[in-house]
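The structure appears right after this line, and notes come after that.
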Ligand SMILES: Cc1cc2nc3c(=O)[nH]c(=O)nc-3n(C[C@H](O)[C@H](O)[C@H](O)COP(=O)(O)OP(=O)(O)OC[C@H]3O[C@@H](n4cnc5c(N)ncnc54)[C@H](O)[C@@H]3O)c2cc1C
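Have a look at this one:
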């Protein structure tokens, strides 16, 4: 993290930038994690209209096209002292936010997978080839059987994580595992489901291709698939493979 702020007596002076921020082009405020002069991370509220604060939009996305994405640029932005988030500092503060977002994604990915599965299942009963519905062929049933199995396993993982969360016991590593597993599961199901629709699968008539493209963002944001593998790897070995 290179974004930083300096104490200037009656205000803080913020400098740095961050790419890939959802809603950046129109958000009224941004919660920004930055390091102070001692290198400690704090949260600051930056308000649209502050001098030196700009939010250029990221264009040409082929994924999450309905969601606006942009960059946050801080060029000597004066931040009033009351805009610093109280009571929390250090890496644990932003990591706590990531835990919550990743937990939500673990559930959301299941929804995308279920929609792909439902669409493929319905289509397999309607589409007639070689004199019968394609759902009557063993190869198509194999796809559907594997899809519903993987969805069920992911649901159980997310449900168990929810129980642990309610009890205040869910760990960062457990949440990471669920995010990685469930998004990976959903992408694979989207690919299989799309094939079951043949040529129709690539059209906007059905939601599968949209899910497939959006899931390419989901497998990257809130920690990439590979970084989550490293989190689990470190959790089980105690060895850091990040660098
Ligand atoms: C649509 C969208 C919306 C987003 N919204 C937000 C947002 O609102 N707020 C926010 O803060 N961020 C947001 N992000 C950013 C997102 O979290 C990052 O894109 C993501 O963390 C990956 O970082 P990166 O793009 O810099 O990839 P990089 O870090 O450059 O990674 C590139 C590749 O290298 C691999 N890699 C990197 N380091 C290692 C390593 N040590 N070992 C092995 N492999 C490694 C990665 O797994 C990846 O495959 C968003 C991203 C997208 C696409």
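Residue numbers (my numbering): 19 to 261.
Don't be surprised by glycine CBs; every beta carbon is placed ideally from N, CA and C.
Note that the structure is a prediction, hence the values are computed from the model and not measured.
Fewer than three pairs of CB atoms, one per stretch, sit closer than 8 angstroms, so the stretch 242 to 259 makes no contact with the stretch 146 to 160. Per DSSP, residue 137 is one residue of the alpha helix (DSSP H) stretching across 110 to 144. Out of 124, 64, 84, the CA that lies nearest to the CA of residue 95 is found in 64. Judged by DSSP in its simplified three-state form, residue 220 adopts helix.
Residue range 22 to 25 is occupied by the beta strand (DSSP E) that includes residue 25. Judged by the Cβ position, residue 149 fails to qualify as a neighbour of ligand 1 at the 7 angstroms threshold, every heavy atom of the ligand being at least this far.
Residue 257 sits in coil when the DSSP states are folded into three classes, being neither helix nor strand. Boundaries of the alpha helix (DSSP H) harbouring residue 204: 190 to 214, taken from the DSSP string. In the DSSP annotation of this structure, residue 80 is not part of any alpha helix (DSSP H), being labelled neither H nor E. Contact between residue 42 and residue 89 holds: CB atoms are separated by about 6 angstroms, below the 8 angstroms threshold. Annotated three-state conformation of residue 59 is strand, per DSSP. Annotation for residue 53 indicates a beta carbon at 7 angstroms or more from all heavy atoms of ligand 1. By the CB criterion at 8 angstroms, residue 227 and residue 217 fall outside the cutoff. By the criterion of at least three beta-carbon pairs nearer than 8 angstroms, the stretch 158 to 168 is not in contact with the stretch 95 to 104. Of the residues 250, 184, 229, 211, the one whose Cα lies closest to the Cα of residue 197 is 250.
Between residue 108 and residue 214, the alpha-carbon positions lie close to 48 angstroms from each other.
Shown here, residue 230 sits in a helix according to DSSP, grouped into three states. For residue 225, no beta strand (DSSP E) segment is defined, and its DSSP state is neither H nor E. By the criterion of a C-beta distance shorter than 7 angstroms, residue 34 is surrounded in its chain by 20, 21, 22, 52, 92, once the five residues flanking it on both sides are discounted.
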